[in-house]
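Q: If you scroll down you'll find the structure; I have some questions about it.
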Amino acid sequence: MSTDGNRLQALERRECLDLMGTVPIGRVVFTDHALPAVRPVAFVLDGEDVVIRTAPGSELATALRGAVVAFETDDFDPAFATGWSVTVVGQARVVRDPGELRRLAELPLQPWPPGPHPHYIRISTQRISGRRLRPAAAGTGTAAGRCPR
56 MSTDGNRLQA LERRECLDLM GTVPIGRVVF TDHALPAVRP VAFVLDGEDV VIRTAPGSEL
116 ATALRGAVVA FETDDFDPAF ATGWSVTVVG QARVVRDPGE LRRLAELPLQ PWPPGPHPHY
176 IRISTQRISG RRLRPAAAGT GTAAGRCPR
């Protein structure tokens, strides 16, 4: 763990994964017709991989098939101007193995938005980085309840 400035702290891989496991929604970043695209998705971690569900033939299912993507998740407390962000880069693949699909169906993954989403996509965590914004020291001018601008 290293510190960048007074309040921004780089996170180790294990810390990143632990924090990712505390939130249910993230954002998958992919290329759509040579342009960047971002979609919010519900996810779970399966080991160190990100797992999402999507509808067959959906824009997301088509765009992610075999692509290298980014995945970001975070949490922020505006009352104290603290929080964290984790970004993963890895290859996305559609899960096709029947045994793996049965196992993934047991994970606590509710798609967002609700509806039939029988396709599972696994995103490897080939690269992972994270940052934590720590509380401001007393007397530094950042008041609790106010986000720095």
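Residue 56 is where the sequence shown starts when you use our numbering, and the numbers rise one by one after that.
The beta carbon of each residue, even a glycine, is placed where N, CA and C say it ideally should be.
1. With a threshold of 16 other CB atoms inside 10 Å of the CB of residue 131, please say whether the residue is buried or exposed.
2. Taking the C-alpha atoms as reference points, what is the distance between residue 153 and residue 114?
3. Give the range of the beta strand (DSSP E) segment to which residue 119 is assigned.
4. Looking at the secondary structure, which residues open and close the alpha helix (DSSP H) in which residue 153 lies?
5. Pairing CB atoms from the region 121 to 131 with CB atoms from the region 151 to 170, are three or more of them under 8 Å?
6. Touch check for the region 168 to 188 and the region 132 to 151: three-plus C-beta pairs under 8 Å?
7. Residue 68 lies in the alpha helix (DSSP H); which residues open and close that run?
A: On the basis of the supplied data:
1. exposed
2. Cα atoms of residue 153 and residue 114: separation of roughly 23 Å, rounded to the nearest angstrom.
3. Premise fails: residue 119 lies in the alpha helix (DSSP H), 114 to 119, not in any beta strand (DSSP E).
4. 153 to 160
5. no
6. yes
7. The continuous alpha helix (DSSP H) containing residue 68 extends over residues 68 to 75.
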